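>
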Amino acid sequence: MSKELEDLLNIYWLRPETAIWRFIDIKSMDGFEFKSPSMDLGCGDGIFSFIRAGGRIESSFDVFRNASGMENFFQNFDVYDTFREELNVKIIDKPTYQIDVGFDHKNNLLKKAESLNFYKELRMGDANKRLAFDDETFSSIFSNILYWLDDPEFSLMEISRILKKSGSVCLMLPDNSFPEFSFYNSLYVKTKDPDWKFLEKLDRGRLSSNIKQSKSSEEWERIFRNSGLGVKKHVKHLSKPIVQIWDIGLRPLFPALMEMVKNINQDKISHVKGVWVKNIMEFAEPIVRIDEKMTCEGAAFHCYILEKDH
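In this text, residue positions in the sequence shown follow our numbering: the first is 697, and each later residue adds one.
Okay, structure coming up:
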């Protein structure tokens, strides 16, 4: 199995379901190349694109060292929207390429991305609005946030506007089956059964407010055509078992796990983490293989590689 999976499990060791999701996302992007000038629209902390580019971080690093506000975790608080300058990232292997522009709306996440030295430039802005770039600026754009935005048709028109002719776009987009795979949506939202109301804590605003758009491939492709974008490659990924593993995962235990780790002797953390990741790998590897086999039966996400029409 790819070293990428182990690296992601080290980075997200307390939330292995996130590492598995990210790894499958990376695999689905095969065939997409960042050609300069390039942009990562919604880059966040940059970890995903850094790992995808072949970068490696010392195994002691994780995304949780910067987290705060765990007492509000179940009230939809973004515990990662914080930055501590003293927590330096130690890079083992540099990525095989850099991305010209990383764009995000959260300053703390951009500060984290800056520490990777992966983006040549970082820009803060609201992707719901007109993007502050000239027409035909970029040769390639990647975005995994379109479904979080208010009006994906407007946002796609903006992406098309700033993309050069024959330029490429890679997008991650939810299928309309995605909400159906969610325990929160299927057991509580649809039924209104008060016995399942506690699932709101697990949803944490993901399906109820953050993931604003899920559509069939036919619906997405209609929007692409209206934006002057043609499909070069389409991969469906994240099968129902994977989504349901992710939907709960270690999320209910996360605040307690953070407290536990905080109280472990720092000299022992490396050993504990090593054992943890080794054990998780025994489950993560077959889970990833299952996803490859089961996407033909239905998948929650699309990965599209698009090209701007001449």
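We put the beta carbon where it would ideally sit given N, CA and C, even for glycine.
These numbers were taken from a predicted model, which means no experiment stands behind them.
1. State the Cα-Cα distance for the pair Asp-1005 and Val-865, rounded to the nearest angstrom.
2. For Ile-944 versus Leu-883, is the C-beta spacing smaller than 8 angstroms?
3. For Glu-713, is the classification buried or exposed, using 16 other Cβ atoms within 10 angstroms of its Cβ as the cut-off for buried?
4. With H, G and I counted as helix, E and B as strand and the rest as coil, what does DSSP make of Ala-996?
5. Please classify Asp-789 as buried or exposed, where buried requires at least 16 other C-beta atoms within 10 Å of its C-beta.
6. Nearest-angstrom Cα distance between Phe-877 and His-998?
7. Would Val-971 be called buried (16 or more neighbouring beta carbons within 10 Å of its own) or exposed?
8. List the DSSP bridge partners of Phe-757.
9. What does the Cβ neighbour count give for Glu-914, buried or exposed, with the cut at 16 atoms within 10 Å?
10. Which two residues bound the contiguous beta strand (DSSP E) that contains Val-797?
11. Ordered along the chain, which non-local residues of its own chain (more than five positions away) have a Cβ less than 8 angstroms from that of Ala-828?
12. Could you compute how far the alpha carbon of Arg-857 sits from the alpha carbon of Asp-831?
13. Report, in whole angstroms, the separation of the C-beta atoms of Ala-809 and Cys-739, which I expect to be a contact under 8 angstroms.
14. Could you round the C-beta distance between Ala-675 and Leu-701 to whole angstroms and report it? I think they count as a contact, below 8 angstroms.
15. Can you tell me whether Ile-788 is helix, strand or coil according to DSSP?
In terms of the structure at hand:
1. Taking the sequence shown and counting its residues from 1, the one referred to as residue 1005 is at position 309. Taking the sequence shown and counting its residues from 1, the one referred to as residue 865 is at position 169. Whole-angstrom Cα-Cα distance: 12 angstroms.
2. Locating residue 944 in the sequence shown gives position 248, where the first residue counts as 1. Locating residue 883 in the sequence shown gives position 187, where the first residue counts as 1. 8 angstroms or more divides the Cβ of Ile-944 from the Cβ of Leu-883.
3. Taking the sequence shown and counting its residues from 1, one reaches residue 713 at position 17. With 16 or more Cβ atoms within 10 Å of its Cβ, Glu-713 is classed as buried.
4. The count along the sequence shown starts at 1 and reaches residue 996 at position 300. In the structure shown, Ala-996 sits in a strand (DSSP, three-state: E or B).
5. Numbered from its first residue, the sequence shown carries residue 789 at position 93. Answer is exposed; the Cβ neighbour count stays below 16.
6. If you number the sequence shown from 1, residue 877 lands on position 181. If you number the sequence shown from 1, residue 998 lands on position 302. Rounded to whole angstroms, the gap between the alpha carbons of Phe-877 and His-998 is 15 angstroms.
7. Position 275 of the sequence shown, counted from the start, is the residue given in the question as residue 971. Classification for Val-971: exposed.
8. Taking the first residue of the sequence shown as position 1, residue 757 is located at position 61. Answer by DSSP bridge pairing: none, since Phe-757 is not bridged.
9. Taking the sequence shown and counting its residues from 1, one reaches residue 914 at position 218. With fewer than 16 Cβ atoms within 10 Å of its Cβ, Glu-914 is classed as exposed.
10. Taking the first residue of the sequence shown as 1, we reach residue 797 at position 101. Val-797 -> beta strand (DSSP E) spans 795-800.
11. To locate residue 828, count along the sequence shown from 1; it is residue 132. Around Ala-828: Arg-819 and Gly-821.
12. Within the sequence shown, residue 857 is the residue found at index 161, counting from 1. Within the sequence shown, residue 831 is the residue found at index 135, counting from 1. Taking the straight line from one Cα to the other gives about 5 angstroms.
13. Within the sequence shown, the letter at position 113 stands for residue 809. Within the sequence shown, the letter at position 43 stands for residue 739. With 8 angstroms as the limit, Ala-809 and Cys-739 qualify as a contact, their Cβ atoms being about 6 angstroms apart.
14. Outside the shown range of the chain (697 to 1006) lies residue 675, about which nothing can therefore be said.
15. For this step, residue 788 is matched to residue 92 along the sequence shown. The answer is strand: DSSP assigns Ile-788 an E or B state.
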